[in-house]
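Taking it in order: structure first as structure tokens, then the write-up.
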Amino acid sequence: MGWTAADFVDGGSGPAILARMDQSSPATPVTRSPVIGSAVPRKDAAEKVRGRARYIDDLKYPGMLHGATVRTRAAGGRLLGIDFDPAVDWSSFVVVTAADIPGANSTGMLDGDQPVLAADRFRHSAEPVALIAHPDRARLREALAAIRVREDAQPRPLFDIDASLAAGGGLCPGNTFRDYLMSHGDLAAGEAQAEVVFEGRFETGAQEHVYIEPQGMIAHVDAAGVLVVEGSMQCPYYVLDTLAAVTARSAGELRVVQRTTGGGFGGKEEYPSHIAAHAALLTLAAGGRPVKLVYDRAEDMLATPKRHPSRTQVRVGARRDGRLTFVDIDFALDGGAYSTLSPVVLSRGVIHAPGPYRCPSARVRGRAVATNHPPNGAFRGFGAPQSIFAIEQAMDGLARQLGISPLALRQINMLRPGDVSVAGQAIDSATDFDAVLAQALAESDYLARQARHAAFNATGGRLRRGIGLATFHHGAGFTGNGEVVLASEAAVRARRDGQVEVLASSSEMGQGNTTTLCQIAADALGLPVERVTQAPVDTQEVPDSGPTVASRTCMVVGLIVEQAARQLRARLIDEAALAREDMSAEGFAAACARWFDARADAPALEVHARYEPPAGVMWDETTFQGSPYAGYAWATYVAEVEVDLLTGEATLLDFVAVQEVGRVVNPVIAAGQVEGGVAQAIGFALYEKVVRGAQGEMANNRITNYIIPTSADVPPIRVFFQEQRAGTGPAGAKGLGELPMDGPGPAIVSALNAALEGTGAMPLSRLPAMPEDILEATAGVHRTGEAA
Amino acid sequence: MSTDITLRLTLNGQPVECVVDPTRRVLDLLREDLGLTGSKEGCGEGECGACAVLLDGAMVNSCLLLAGQLQDAALRTIEGLPTDDPLFEAFARAGATQCGICTPGMVVAARALLDREPAPSRERIREALAGNLCRCTGYVRILDAVEAAARVPSGRAS
Ligand code: FES
Ligand code: FES
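Listed in order, the protein sequences are those of chains U and X.
Heads up: the first sequence is residues 0 to 787, going by numbering that gives the first Met the number 0.
Heads up: the second sequence is residues 0 to 157, going by numbering that gives the first Met the number 0.
Given below as structure tokens:
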């Protein structure tokens, strides 16, 4: 049915991929091409493996200053003043406060409620209030210690979602940034039909991104008076917008350059705009001298956003035969002190909350709640891992109550062609979720292992084993009308010698777009991939292809690049006598030469294209009904665990990830995305816990005590792709990057609960499930190692 | 600040002499004073391995190493590995680098392992690299790459 990405390790073309196409489907057939679907080595690999890639902290300029940020300590209150110890000679420092901001004191995200530097009131610990810069890094550290922020701390900061809702205000009206309701069918009728009802509460914790490169920027004013900001980022045009507002400069007086970025995972979606604004304010105050503002790990973890903690109440009912009749979900995210991206994280969480199940009636209420935590923000999955965890555990709970297996309950209820999802999206005829599930069961040897574990556990030792699965889907691209509003633009440019550049603001942060976008363009142009490169991401050079988020780069930006490339080829056919059937690189180069020869004054052969959403994608933001995404990736993940009842320690024995993602553009890069996402989600499930101090700050803000998985913790991750049907992206691709974050949490907890079955343990309902949580669940049972 | 010392060492095969504060972190000496930015700072406290270098052939985290400890030593950084080290090609082909920030340290750690044990088992590789964090790859392809490099006939390696 599929193939493993390991088949491609040596860069070969691999075995033929079994593609299934429903002939009645309107989708384009999956096509072969030498470029798409081939394991082209990453274009950035050679310089990265040799340590030659230059990240922001690797750059330095003559006369460069180093910047630092002065932050609040209390979790909100009033600023009374900033004291600079007179023992320090401040004349050699550049100092910036809110009073020095030429434009708006707002980072400009959705609600614009967050200041760049707190001026009067502040809402959380580690909020920036002042900036300093000095040529000598060591002096900077001493100076920071000589600055005291006088604070009138607010009496009772709010750190808990429900406590904040109960307080009803103080941060924003109702302490609620957004309150969404998605409803479908007749809930009262669904409740009346239910013969069995499961009710449960589920929680997920904050998660830190831990990109291995901490955040940073360098700003300077160039000879032409342009303010240049370069650094580690996902969304150069977000940074540009913030800079324009904060510095009151026009886009022409600003330039944002993305440097090699050492991981993002959502963490470099929005916060880089703050650091860029800070670095810009410092360079403006320093007469345009370059200022480097790079965080160390502790500051990065303390100040930057985390994955939103969540709590979800689920009620789900079914008939005795297992058919769902209703689901009623109350989903809430801890947005932190400012709204930042919480509204859009919330909408994705709400839409994914009912899972990939058919349910005649449903209600999902979602709230993004204000608290005095530092703002939470984008993290791979964007709200979906939180709500998917809840529905998957609720399905397991309902199965227990019905006395059927979790697998059977999913088989009864999964969305199939002809069904309509709770969001109102019709499931098209080519979706075959059963095939995905079937392959996952086969590859993981699910049923046989389940039987073996039952026998193993029956011996009553201190080790218990379990296997668990999660079935889920993830919508690619911006939610709802986001892509329509963005109207992203990309371009391709051919040189006289036939070399082609892709022009887009899509940022390489490790996910591979500098290779995959070139594969897509090369395929449309009929060129070998060596002939295409992506131009450096620089807002004065490339159009705004939208932010590099939401699994949208390959599917949405790739589609625009494909269109631009097709049009470029068409122009060479029309204007430079390129023969239609000539697919050779030489023929292409000769046509380019002819084109330029005939136009001595033409600066460039460049074609731009804009995103046009596929027909039939409509979304009503007020009723939360319609087609929220142009495409979904479907998956079943299976985890196998061993638990030590004495220590609470869980060890992953095996992990199988089967997904249907449309056309796979580059199998090695795609598999790498899944493996990396699974490892990150294993951390989310078992190891990564943000510990809060008294002011709501991250207290374990070091890699020493915030534990992410090492090579010794990650089990074999076995990745399989199905290419059932073409997606709406280029050559039939769909988005992939976030999908692997959704499944491991619920699959692992299901496996843990299966392992603990029969011990009398309470089912686990919280992520991360740390050893102490497992011991708590098994309290009084495990000490003797006996089954209760 | 302590009194500067004259430091003599072999850096990437070349004799080097410099006057330096003996308490300066070797990572800063490399990156800021000598312009060797291939070693990266991921944590600054010995947890991530992004700053890994070879000190007399053994892997150490240069963020925990002080300049004074380099007296008369042989130090090798990612920049000092032979251009045809099979690890480079193996990492690129296997898809073992994504964002790349962990990669120089990972390659250095793998080199230290292969110099000691030319044909390690996958389990050994897994253990030997457990001090190097990668947040992108899930390690699968890194293990593949080191296995593949170990299979390259020696002679190509240093
Ligand atoms: S920077 Fe040295 S171990 Fe992380
Ligand atoms: S490749 Fe990004 S941290 Fe390893």
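Think of the CB as a built atom: it goes at the ideal place given N, C-alpha and C, for glycine as much as any other residue.
Quick check on DSSP: helix, strand or coil for U/Ala129? strand
Would you call U/Leu345 buried or exposed, if buried means 16 or more other Cβ atoms sit within 10 Å of its Cβ? buried
Would you check if the distance between the CB atom of U/Thr515 and the CB atom of U/Val664 is smaller than 9 Å? yes
So who's on the other strand from U/Tyr809, going by DSSP bridges? Here chain U has residues from 0 to 787 only, and residue 809 of chain U is not among them.
Taking only beta-carbon atoms, is U/Thr709 less than 9 Å away from chain X? yes
Taking the straight line between their C-alpha atoms, what separation do you get for U/Phe201 and U/Leu397? 14 Å
Hey, U/Ile153 and U/Arg77: beta-carbon distance below 9 Å or not? The sequence as given places Gln at residue 153 of chain U; Ile does not occur at that position. Yes, the pair counts as a contact, with Cβ atoms nearer than the cut-off.
Cβ separation of U/Ala750 and U/Ile466, assumed to be a contact under 8 Å, to the nearest whole Å: 5 Å
Output the boundary residues of the alpha helix (DSSP H) element that contains U/Tyr237. 235-246
Using only alpha-carbon positions, find the residue among U/Glu268, U/Glu207, U/Ala223 that is nearest to U/Gln233. U/Glu268
Pull the bridge partners of U/Gln312 from the DSSP assignment, please. U/Arg200, U/Asp329
Count the other CB atoms within 10 Å of the CB of U/Trp2; is the residue buried (16 or more) or exposed (fewer)? Its pLDDT being 36, under 50, U/Trp2 is placed unreliably in this model, and the coordinates cannot settle the point.
U/Pro40: contacting residues in chain X (beta-carbon distance under 7 Å): Ala91, Arg92
Would you call the stretch 42-58 of chain X and the stretch 104-118 of chain X in contact, with 3 or more CB pairs under 8 Å? yes
Using a Cβ cut-off of 9 Å (strictly closer), state whether X/Val139 contacts chain U. yes
Quick one: which chain X residues come within Cβ less than 9 Å of U/Asp56? Arg30, Thr36, Lys39, Glu40
What residues in the stretch 618-648 of chain U have a beta carbon less than 8 Å from any beta carbon of chain X? none
If we ignore side chains and look at the alpha-carbon of each, how far apart do U/Ala166 and U/Val349 end up? 24 Å
Anyone know if the C-beta pair for U/Tyr445 and U/Asp112 falls short of 9 Å? no
Per-residue contacts from U/Ile411 into chain X (C-beta, under 7 Å): Within chain X, no residue comes near U/Ile411; the closest Cβ sits about 33 Å away, beyond 7 Å.
In chain order, what residues of the stretch 292-312 of chain U put their CB closer than 8 Å to some CB of chain X? Asp295, Arg296
Tell me, please, whether the CB atom of X/Ile100 is closer than 9 Å to any CB atom in chain U? yes
DSSP bridge partner residues for U/Gly335 (one or two, in chain order): U/Ala369
Measure the C-alpha to C-alpha separation of U/Ala450 and U/Ala457 and round it to an integer number of angstroms. 11 Å
Within the continuous beta strand (DSSP E) that includes X/Asn60, where are the two ends? 57-60
Note down the Cα distance separating U/Val499 from U/Gln566, rounded to an integer number of angstroms. 13 Å
Is it true that the CB of X/Ile77 sits closer than 9 Å to the CB of X/Gly37? yes
Distance cutoff 9 Å, beta carbons only. Does X/Leu65 sit that close to anything in chain U? no
Below 7 Å on C-beta distance, what does X/Pro103 contact in chain U? Gly50
Residues, ordered as in the chain, of the stretch 509-521 of chain U that lie near chain X by beta-carbon distance below 9 Å: Gly509, Gln510, Gly511
With a threshold of 8 Å, establish whether the CB of U/Glu212 neighbours any heavy atom of ligand 1. no
Please list, in chain order, the residues of the stretch 186-212 of chain U that have any C-beta partner in chain X closer than 8 Å. His208, Val209, Tyr210, Ile211, Glu212
Check whether the Cβ atoms of U/Leu242 and U/Ala276 lie closer than 9 Å to each other. yes
Between the Cα of U/Ala145 and those of U/Gln312, U/Trp89, U/Arg120, U/Thr622, spot the shortest distance and give me the residue it belongs to. U/Trp89
What would DSSP say about X/Ile124, mapped onto helix, strand or coil? helix
According to the Cβ coordinates, are X/Ile124 and U/Ile211 closer than 9 Å? no
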